[in-house]
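Chemist: Chains as they are written, first to last, in my numbering: chain A, 7 to 816; chain B, 1257 to 1481.
Even glycine gets a Cβ: it sits at the ideal position worked out from N, Cα and C.
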Ligand SMILES: Nc1ncnc2c1ncn2[C@@H]1O[C@H](COP(=O)(O)OP(=O)(O)O)[C@@H](O)[C@H]1O
Ligand SMILES: [Mg+2]
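1) Helix, strand or coil for residue 435 of chain A per DSSP?
2) Confirm the yes/no value for this check: CB of residue 1472 of chain B, any heavy atom of ligand 1, distance under 8 Å.
3) Under 9 Å, do residue 747 of chain A and residue 443 of chain A count as touching if we go by C-beta distance?
4) If you drop the 5 nearest sequence neighbours on each side, which residues of the same chain put their C-beta closer than 7 Å to that of residue 867 of chain A?
5) What are the residues that DSSP puts in a beta bridge with residue 760 of chain A?
6) Give me the chain B residues within the contact set of residue 725 of chain A, using Cβ-Cβ distance strictly less than 7 Å, ordered along the chain.
7) Mind checking if residue 1362 of chain B is an interface residue toward chain A, Cβ cutoff 9 Å exclusive?
8) Any C-beta of chain B sitting closer than 9 Å to the C-beta of residue 707 of chain A?
9) With DSSP collapsed to three states, give me the class of residue 543 of chain A.
10) Determine the chain A residues that contact residue 1310 of chain B at a beta-carbon separation under 7 Å, and present them in chain order.
11) Indicate whether at least one CB of chain B lies closer than 9 Å to the CB of residue 704 of chain A.
12) Per DSSP, what are the beta-bridge partners of residue 1420 of chain B in this structure?
13) Do residue 721 of chain A and ligand 1 come close, with the Cβ less than 8 Å from some heavy atom?
14) Compare the Cα-Cα distances from residue 559 of chain A to each of A/570, A/523, A/612 and report the closest residue.
15) Let me know if residue 1286 of chain B comes out buried or exposed under the rule of 16 or more other beta-carbons within 10 Å of its beta-carbon.
16) What does residue 740 of chain A reach in chain B if we use C-beta pairs closer than 7 Å?
17) Run the proximity test for residue 1296 of chain B: is its beta-carbon closer than 8 Å to any non-hydrogen atom belonging to ligand 2?
18) Just how far apart, CA to CA, sit residue 489 of chain A and residue 686 of chain A?
19) Would you kindly check if the distance between the Cβ of residue 1436 of chain B and the Cβ of residue 1293 of chain B is under 9 Å?
20) Cβ of residue 411 of chain A versus every heavy atom of ligand 1: is any distance shorter than 8 Å?
21) Where in the region 507-582 of chain A do unbroken runs of the alpha helix (DSSP H), each at least 4 residues long, occur, reported from the N-terminal end onward?
22) In angstroms, rounded to a whole number, what distance separates the CA positions of residue 430 of chain A and residue 329 of chain A?
23) Contact criterion: CB-CB distance below 9 Å. Does residue 1278 of chain B meet it with respect to chain C?
24) Run through the DSSP bridge pairs and tell me what residue 104 of chain A is partnered with.
25) Go through its chain and collect everything with a Cβ distance to residue 617 of chain A's Cβ below 8 Å, but skip five positions before and after it.
26) For residue 552 of chain A, I'd like the list of residues in its chain whose CB is within less than 6 Å of its CB, leaving aside the five on either flank, ordered along the chain.
27) Quick one: what's residue 110 of chain A bridged to in DSSP?
28) Have a look at residue 1378 of chain B and residue 25 of chain A and give me their C-alpha separation to the nearest angstrom.
29) Which whole-angstrom value describes the C-beta separation of residue 123 of chain A and residue 106 of chain A, a residue pair presumed to lie in contact below a C-beta threshold of 8 Å?
30) Is DSSP giving residue 69 of chain A helix, strand or coil here?
31) Which ranges does the beta strand (DSSP E) cover as unbroken runs of at least 3 residues, wholly within the region 168-198 of chain A, from first to last along the chain?
32) Answer with yes or no whether the minimum CB distance from residue 721 of chain A to chain B is below 9 Å.
33) Helix, strand or coil for residue 633 of chain A per DSSP?
34) Using the DSSP secondary-structure output, state which residues sit across from residue 1473 of chain B in a beta bridge.
35) In chain order, which alpha helix (DSSP H) runs of at least 4 residues are fully inside the region 255-329 of chain A?
36) In this structure, how does DSSP classify residue 1478 of chain B when only helix, strand and coil are distinguished?
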């Protein structure tokens, strides 16, 4: 029997080649897109899962509230790890990681700049699953100046992975012994380092200070259920270990500190949550956000729905043509269930074909998608273990769902009605079909609006006045390589034709150099009124080179000998301090240590600089204070030249003459800026692709429906033409019904899109656009236009046909 | 009113070429009632379609009201057609989704008659055809004879000078058929030219003249007395 169903199904599908092709194509496209998104989402959800002890690993965080400042840290105090392990028996192990920043590693005569370097405790390989190819994981990071490197790094420096015992020279002054080679760390890891240097090499790691936070600290618990217990014991722990230091430095007990409205707390983040749910200060790398996971999951579901709707629409539309077949079969005695089985077989067969095509299309497009989404997704045997059953489920589910309507609807008809043609007339209106078309187009319009909003916001970010000018600024990094020659380099570069100005500091609005300090508005050092601003070191040329504006007062000047006691603050800082007229006021910087008068330094405010955006536009501008100090992090050069390559090569030559062994490392400020919005750019691109696909699939369906409608009405069209209707009247008549549906969709989708884009996307930006009315109008017009083109293709075809042909069957 | 000379029409389908009309020449005067007869497939419908400007000839001349229309564009033909010609088909060709009233109203919409004028004219013609009481019914709710009367109402509502009827009684029983023939005769007596294709010698007797076709050629003309 089944074979008979399949045979009949095949024949019926072949007989209606056009419909079958549209059906399969639409469904395959939808499923392929959906599969890609699912792979993306699964990838995002499976960060850090390579760790076999993942459920027992937690990161310890610190939440600090000090006066009006609130900071969430992903880092903790230096002695915390060893203390946790010693104090709590259920803490099986603990490990600290500390990002070591950029170092130079010697290869032959050359120094290579490396920035994926971390200091790590010996327990690293017990907590995290980082399989060692060579070396002993238990002892690899015990001795000072030991380094464990990844496979790729080993090959890069030694052309071999069998390198335990060899040495690497760091920064021309530190010789490290390679004690282990580990497999490359999965890209799905919240940290990704190429070098792990033993913590013992870093003297600061032995610090016993309990009032600073700069070590990423992880604990391995004996049992996941101990996490609650551990969190509950943190207040006690803090009292015990940091109480004395707080008393000495802030002159108050922890209780008094808490009572004053400030706090100092610790908590745990499960390793599984770090990638998607953690965005704290001091993360080991950029993490993802659930936002995009949700948005893309929603898009996947939308696209799948659109594709299913197509399938249902076309199947039901076509099945009314088969009413006669059903009638004849019933007259001949076919029971209802056979008819249902027949229809279901057909739609499952179509779904199966589409799914197979979808799988191969997705596999084919995966490299392209990886490029677009900056992922390294591969379909492996392991992923097939879940992909294949899910696809089979989809085949059965979508196949039955889409086939069920025609199957149950048609098979329930009385054969006499069907044969008399009553069914065909009743079926044409297709209320359900109209509803489904509205549904599809609402989604498409929603996505169009979403795309426009994302691009509007990106454009806003690109064009917003940030308070400084990032164009035409060349940044030469790592000026410290030049040692005491740095200043000479600056002078010489400044003298080059085409150079407008230069400023030497690593603290730039586009850089990751950040430093904070505690300031007080008065000498009482009342921590309630303390400010916790960015604390930057700049030179006299900073404000003018970066084109920042002074709101009041002045910037640092070479002519003023006392400017080293001066300070420039931004508007946010002025507002925080509550000074009406900040210029010439004095503020006090805490120097740490004990709470005595000589532990503060006074600064008088020289001027207030207009707020400039230095972190993401997702955040409001926070207070910044800038002191006059020599900082050789980078040299920013404002250029004004038509021959940039020539200028660049002059600058390179100067560098080479001072430091022949170290490669110059430079970038442009506007590129650095763009790089920090790459996630948004990428999201925008992905959105465009998915939106186009969604619309394409919806249009395929509309195309099929229009063809069907035109076919159903050929005779009517013929009659109307004989009676004098012209082509445009016919096209109008055929398009009107569909256009009406698109209009309804616009009305439904616009407010929803407005609401959700505000809530899901824009809300994340402190600086954001308002969704303009024209965005909604544009999306609506675009949808109307696309729908009209799709429908008129069929309508015009029907309208220009010779009526003699359609009326001939007399 | 109509003068065709050496009219030719071919159909080409995959190597087989059918000559539907073979150098056919006919003249029909204003006010005539002409019946066209002949065996199935001899080209009657083809001729009627060309006369009705639904189709164009491959060769020959077709002069309608002193105007040569054989090479008219589709647009010009459509224009001439909707003002001058009404059609009646064997299978009625009413639009199922429209009521009797709306069906009859269609030609007026397409010739741009204002709405109030349309209501008046449709009601007038429905009255004349004695189907006024069915004005809000749908075609499926009517008998064959009633449907054909609606079709005739629709054909004449624009007051065409020429009515082309292709086997108008073919789907009707003899009593309904006779009614239709009476209607056509009435219209003819009021001055409308009528050209009717029929298989029935009985119906042909209502006409003034019978043109007999054989293989696309006119073989005989009988003048009725
Ligand atoms: N669209 C067409 N394509 C091919 N052959 C056609 C077409 N229309 C009519 N014919 C052929 O032309 C001839 C005349 O047809 P027709 O005018 O319909 O005859 P009838 O006298 O029965 O109305 C027939 O042989 C028919 O098969
Ligand atoms: Mg015929």
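Modeler: Let's see:
1) On the first chain, position 429 is the one that residue 435 of chain A refers to. Its pLDDT being 49, under 50, residue 435 of chain A is placed unreliably by the model, and the measurement read from it follows with that caveat. Of the three classes helix, strand and coil, the one that applies to residue 435 of chain A here is coil, per DSSP.
2) Translated into the one-based positions of the second chain, residue 1472 of chain B becomes position 216. Yes, Cβ of residue 1472 of chain B sits closer than 8 Å to a heavy atom of ligand 1.
3) Residue 747 of chain A sits at position 741 when you count from the first residue of the first chain. Residue 443 of chain A sits at position 437 when you count from the first residue of the first chain. Residue 747 of chain A places its beta carbon less than 9 Å from that of residue 443 of chain A.
4) Nothing about residue 867 of chain A can be read from this structure; chain A reaches only from 7 to 816.
5) As a first step, residue 760 of chain A must be located in the first chain, where it is residue number 754. Beta-bridge pairing links residue 760 of chain A to no other residue.
6) The residue you call residue 725 of chain A lines up with position 719 of the first chain. Per Cβ cutoff of 7 Å: 1349, 1351.
7) On the second chain, position 106 is the one that residue 1362 of chain B refers to. True, the Cβ-Cβ gap to chain A drops below 9 Å.
8) Taking the first chain and counting its residues from 1, the one referred to as residue 707 of chain A is at position 701. It does not; no Cβ of chain B falls within 9 Å.
9) The sequence position of residue 543 of chain A within the first chain is 537, counting from 1. Strand at residue 543 of chain A.
10) Position 54 of the second chain, counted from the first residue, corresponds to residue 1310 of chain B. Within 7 Å Cβ-Cβ: 728, 809, 810.
11) Locating residue 704 of chain A in the first chain gives position 698, where the first residue counts as 1. No - not a single Cβ of chain B is within 9 Å of the one on residue 704 of chain A.
12) On the second chain, residue 1420 of chain B is found 164 positions in, with the first residue counted as 1. Note: residue 1420 of chain B sits in a beta bridge opposite B/1343, B/1451.
13) Counted from its first residue, the first chain places residue 721 of chain A at position 715. False, no ligand heavy atom lies under 8 Å from that Cβ.
14) Locating residue 559 of chain A in the first chain gives position 553, where the first residue counts as 1. Out of A/570, A/523, A/612, A/612 has the C-alpha closest to the C-alpha of residue 559 of chain A.
15) In the second chain, counting from the first residue as 1, residue 1286 of chain B sits at position 30. Burial call: exposed.
16) Taking the first chain and counting its residues from 1, one reaches residue 740 of chain A at position 734. By Cβ distance, chain B contributes nothing, its closest Cβ being about 13 Å from residue 740 of chain A, past 7 Å.
17) Taking the second chain and counting its residues from 1, the one referred to as residue 1296 of chain B is at position 40. Checking the 8 Å criterion, the Cβ of residue 1296 of chain B is within range of a heavy atom belonging to ligand 2.
18) Taking the first chain and counting its residues from 1, the one referred to as residue 489 of chain A is at position 483. Taking the first chain and counting its residues from 1, the one referred to as residue 686 of chain A is at position 680. Distance between the alpha carbons of residue 489 of chain A and residue 686 of chain A: 38 Å.
19) Walking along the second chain from the start, residue 1293 of chain B turns up at place 37. Walking along the second chain from the start, residue 1436 of chain B turns up at place 180. Taking 9 Å as the Cβ cut-off, residue 1293 of chain B and residue 1436 of chain B do not qualify as a contacting pair.
20) Taking the first chain and counting its residues from 1, the one referred to as residue 411 of chain A is at position 405. Residue 411 of chain A Cβ: outside cutoff for every heavy atom of ligand 1.
21) 548-551
22) Within the first chain, the letter at position 424 stands for residue 430 of chain A. Within the first chain, the letter at position 323 stands for residue 329 of chain A. Confidence at residue 430 of chain A is low in this model, with a pLDDT of 48, below 50, so the placement of that residue should be treated as unreliable; the coordinate-derived value is given next. Those two C-alpha atoms are separated by around 7 Å.
23) Of the protein chains in this structure, namely A and B, none is chain C.
24) Your numbering for residue 104 of chain A matches position 98 in the first chain. Beta-bridge pairing links residue 104 of chain A to A/125.
25) Position 611 of the first chain, counted from the start, is the residue given in the question as residue 617 of chain A. Answer for residue 617 of chain A: 473, 576, 577, 578, 627, listed in chain order.
26) As a first step, residue 552 of chain A is located in the first chain; it is residue number 546 there, counting from the start. Correct list, in chain order: 474.
27) Taking the first residue of the first chain as position 1, residue 110 of chain A is located at position 104. For residue 110 of chain A, the pairing in a beta bridge is given by DSSP as A/119.
28) For the purposes of this step, residue 1378 of chain B is taken as residue 122 along the second chain, with counting starting at 1. For the purposes of this step, residue 25 of chain A is taken as residue 19 along the first chain, with counting starting at 1. Those two C-alpha atoms are separated by around 41 Å.
29) Walking along the first chain from the start, residue 123 of chain A turns up at place 117. Walking along the first chain from the start, residue 106 of chain A turns up at place 100. With 8 Å as the limit, residue 123 of chain A and residue 106 of chain A qualify as a contact, their Cβ atoms being about 4 Å apart.
30) As a position in the first chain, residue 69 of chain A is number 63, starting the count at 1. Looking at residue 69 of chain A - three-state DSSP - the assignment turns out to be strand.
31) 173-176, 180-188
32) Against the first chain, residue 721 of chain A aligns to sequence position 715. Residue 721 of chain A counts as touching chain B.
33) Here residue 633 of chain A is taken as the residue at index 627 of the first chain, counted from 1. It is a strand residue.
34) Counting from 1 along the second chain, the entry for residue 1473 of chain B is found at position 217. DSSP output for residue 1473 of chain B lists B/1470 as bridge partner(s).
35) 260-265, 277-283, 296-327
36) Sequence index remark: in the second chain, residue 1478 of chain B carries index 222 (1-based). The answer is strand: DSSP assigns residue 1478 of chain B an E or B state.
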